[in-house]
Ligand code: CMP
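Numbering (the UniProt record's numbering), first residue to last: 1 to 136.
Right, dumping it as structure tokens:
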């Protein structure tokens, strides 16, 4: 059964010119792009998106970073799309968790600047897609 996930190419990925690489890997995996947009995220949207981290010590820095420049937001669809994109992304910590061959394993060094975001569950995907793409 097909499902949908939210993918973000974070400001580090956009400024480093890695949008094409991320999109290419999504497409090569067999996942489908349903929506794709370059945008600047409002602080209120970022706060809601990362609400579960609001008590973490890195919350302020995270908001600062995610609103620091344009990012790419996408709806990605396919069988087990949530898990499939997380496989492509690799673990949150690009050195300790992400393995070579994954986006973070290949292109990132620091947990904060970890290139991409993908919804971590089907429930999170539903919540995040409503927030980022209310008309879809
Ligand atoms: P993401 O998958 O977008 O979800 C939460 C984000 O918080 C995560 O990617 C990282 O960018 C960031 N994050 C998680 N842990 C840390 C940390 N220890 N220090 C800085 N940023 C973090």
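Positions of the beta carbon are idealized from the N, C-alpha and C atoms, including for glycine.
Residue i Cβ short of 6 Å to the ligand CMP heavy atom set
i, result
"residue 109", "no"
"residue 58", "yes"
"residue 112", "yes"
"residue 18", "no"
"residue 117", "yes"
"residue 62", "yes"
Which residues DSSP lists as bridging residue i, in chain order
i, result
"residue 100", "102"
"residue 35", "75"
"residue 3", "78"
"residue 18", "The partner list for residue 18 (beta bridge, DSSP) is empty, contrary to what the question assumes."
"residue 88", "Looking at the DSSP assignment, residue 88 forms no beta bridge with any residue, so it has no partner."
"residue 8", "73, 117"
Host alpha helix (DSSP H) of residue i (start-end)
i, result
"residue 49", "43-49"
"residue 131", "122-132"
"residue 61", "59-66"
Continuous beta strand (DSSP E) stretch holding residue i: start and end
i, result
"residue 116", "116-118"
Quick check: the region 35-48 against the region 88-105, are at least 3 beta-carbon pairs closer than 8 Å? With the cut-off at 8 Å, the region 88-105 and the region 35-48 do not touch.
Examine the Cβ distances between the region 80-92 and the region 9-19 and report whether three or more of them are shorter than 8 Å. The answer is no - the region 9-19 does not touch the region 80-92, with fewer than three Cβ pairs under 8 Å.
Any chance the region 26-41 sits against the region 67-81, with 3 or more Cβ pairs inside 8 Å? Counting Cβ pairs under 8 Å, three or more are found: they touch.
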